[in-house]
Structures are given as C-alpha cells and as structure tokens.
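This report refers to the structure that appears directly beneath it.
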Amino acid sequence: MENTEQTEHDLLERAHQVTTLREYFAWLQRWEEFIKQLEECSRVKRSRFSIGVRQSLVARIARLEGAKTRLQRRFIPSGGDYSGDNNGKTRLAGD
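As structure tokens, then:
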C-alpha cells in the first residue's frame, strides 16, 4: 500500500503543475494506468480487504477522480462559446 500512497501523492501533486495539453495527456495516461492497477488490486484481494482498507481505496479513487475532473475542465472545453475574445467585447459593448 505504501507504493500506492506514493503514486497517489505524486499524481495529485503533478495535477497542480500541469500547464500544457501535452502534460495533461501524459498525466491522464499515468492516471488511467494507476486506476486500473487499483481496480485490479481490489478485485484480486476483495474478500481479504477489511472495511477500512476498502473505504480507503474508494477514497483514494475519489480524490484522483476529482483531480482528473479539475484538469479536464481546464483543458477540455465543454459546450457553449469558450472564446475569450467574445467575452471581453460583449462586456465593453454593454457599458
């Protein structure tokens, strides 16, 4: 579990440092590999996990999902007009 804690910590720290789309996709690939590893570990050891360990695993995945969502919002536009130029022009025209 110590290695998974370190990997989680590294992913969460790195999420704050991602500044380019290329870095985002590299981070996302590492994230997907780690989530897959956690899910496999969960399936293999499911019957041997205590409730606390299982809850810890769920919390770890939730934290990583949150980091992924925040990065997606920064790098992947979702609907609407996301051009920064139009927003400034609209504001000036309304004054």
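Residue numbering for the sequence shown follows the working numbering, beginning at 320 and increasing consecutively.
Backbone N, C-alpha and C fix where the C-beta goes; we use that ideal spot for every residue, glycine too.
Using the Cβ count rule (16 or more neighbours within 10 Å means buried), how would you classify Ala386? As a position in the sequence shown, residue 386 is number 67, starting the count at 1. Burial call: buried.
If you drop the 5 nearest sequence neighbours on each side, which residues of the same chain put their C-beta closer than 6 Å to that of Leu340? Position 21 of the sequence shown, counted from the first residue, corresponds to residue 340. Contacts found: Phe394.
So, for Phe353: in the same chain, excluding its five sequence neighbours on each side, which residues have a beta-carbon less than 6 Å away from its beta-carbon? As a first step, residue 353 must be located in the sequence shown, where it is residue number 34. For Phe353, where only same-chain residues beyond five positions count, the Cβ hits under 6 Å are Thr326.
Mind checking Arg379: buried by the 16 CB within 10 Å criterion, or exposed? As a working note, residue 379 is residue 60 in the sequence shown. Arg379 comes out buried.
CA-to-CA distance, Glu332 to Glu342, given in whole angstroms: As a first step, residue 342 is located in the sequence shown; it is residue number 23 there, counting from the start. As a first step, residue 332 is located in the sequence shown; it is residue number 13 there, counting from the start. Answer to the nearest angstrom: the Cα atoms are 13 Å apart.
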